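Heads up: the structure comes next, in structure tokens.
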């Protein structure tokens with residue numbers, strides 16, 4: 034055991050009023066800098082989300098217009114088919130009309146589904162681009 038008197042913590046770390054002030058000022062400066070970086074990142078992320086939401090809104094508008102066009106085409110096709118039924122004079126004439134209509138509708142619906150699926154994929158990809166860029170930028174800044 035040493036005969037040295039026990040030192041108080043301020044003496045152990047050579048702390049004086051000036052040292053404490055300097056340490057506190059450095060801590061405040063580092064905290065302020067970290068907050069400013071975090072705040073800038075949050076604003077940038079909000080802008081990115083806004084850009085992505087804008088792409089989605091525009092895409093949904095385009096998707097709805099395309100879906101409405103398909104609905105309209107299908108309605109006109111059905112009305113044409115119903116109109117052609119008025120000229121049917123026997124049950125034997127109905128089968129070819131029904132078959133032709135069913136085949137035409139099947140092809141139209143398949144093409145419409147393909148178009149709408151492609152549009153939905155395009156919208157998803159375009160909406161994800163700003164987010165992907167932001168994530169990559171964030172990862173690079175952290176690393």
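Numbering (this note's numbering), first residue to last: 34 to 176. Yeah, the Cβ is synthetic: ideal placement off N, Cα and C, and Gly gets one too. Quick caveat, the model's predicted, so the values are computed rather than measured.
Query raised in the report: What is the DSSP secondary structure of residue 121, counted as helix, strand or coil?
Result: coil
**Report entry** Given 8 Å, three or more beta-carbon pairs between the segment 89-107 and the segment 149-156
**Finding:** With the cut-off at 8 Å, the segment 89-107 and the segment 149-156 touch.
Query raised in the report: What's the gap between the Cα of residue 77 and the Cα of residue 145?
Result: 38 Å
Query raised in the report: If we ignore side chains and look at the alpha-carbon of each, how far apart do residue 139 and residue 107 end up?
Result: 10 Å
Report task. Just confirm the distance between the C-beta atoms of residue 142 and residue 100, as a whole number of angstroms; I'd bet it's less than 8 Å. Result -> Not a contact, Cβ separation roughly 12 Å.
Query raised in the report: Going by the beta-carbon positions, is the gap between residue 120 and residue 137 smaller than 8 Å?
Result: no
Requested in this report: With a threshold of 16 other CB atoms inside 10 Å of the CB of residue 73, please say whether the residue is buried or exposed.
Outcome: exposed
Requested in this report: Can you grab the Cα-Cα spacing for the pair residue 162 / residue 85, in whole Å?
Outcome: 8 Å
**Report entry** Cβ-based burial, residue 128 [other Cβ within 10 Å; buried from 16]
**Finding:** In the assembly as shown, residue 128 is an exposed residue. Its beta-carbon has fewer than 16 other beta-carbons within 10 Å.
Query raised in the report: Whose C-alpha, out of 172, 174, 167, 126, is nearest the C-alpha of residue 80?
Result: 167
Query raised in the report: Taking Cβ positions, are residue 130 and residue 117 nearer each other than 8 Å?
Result: yes
Query raised in the report: Alpha carbon to alpha carbon, what distance is there between residue 82 and residue 114?
Result: 47 Å
Query raised in the report: residue 98: buried (16+ other C-beta within 10 angstroms of its C-beta) or exposed?
Result: exposed
Query raised in the report: Are there 16 or more other CB atoms within 10 angstroms of the CB of residue 181, so buried, or fewer, so exposed?
Result: Summary: the structure shown does not reach residue 181, with the chain confined to residues 34 through 176, and so no result is reported for it.
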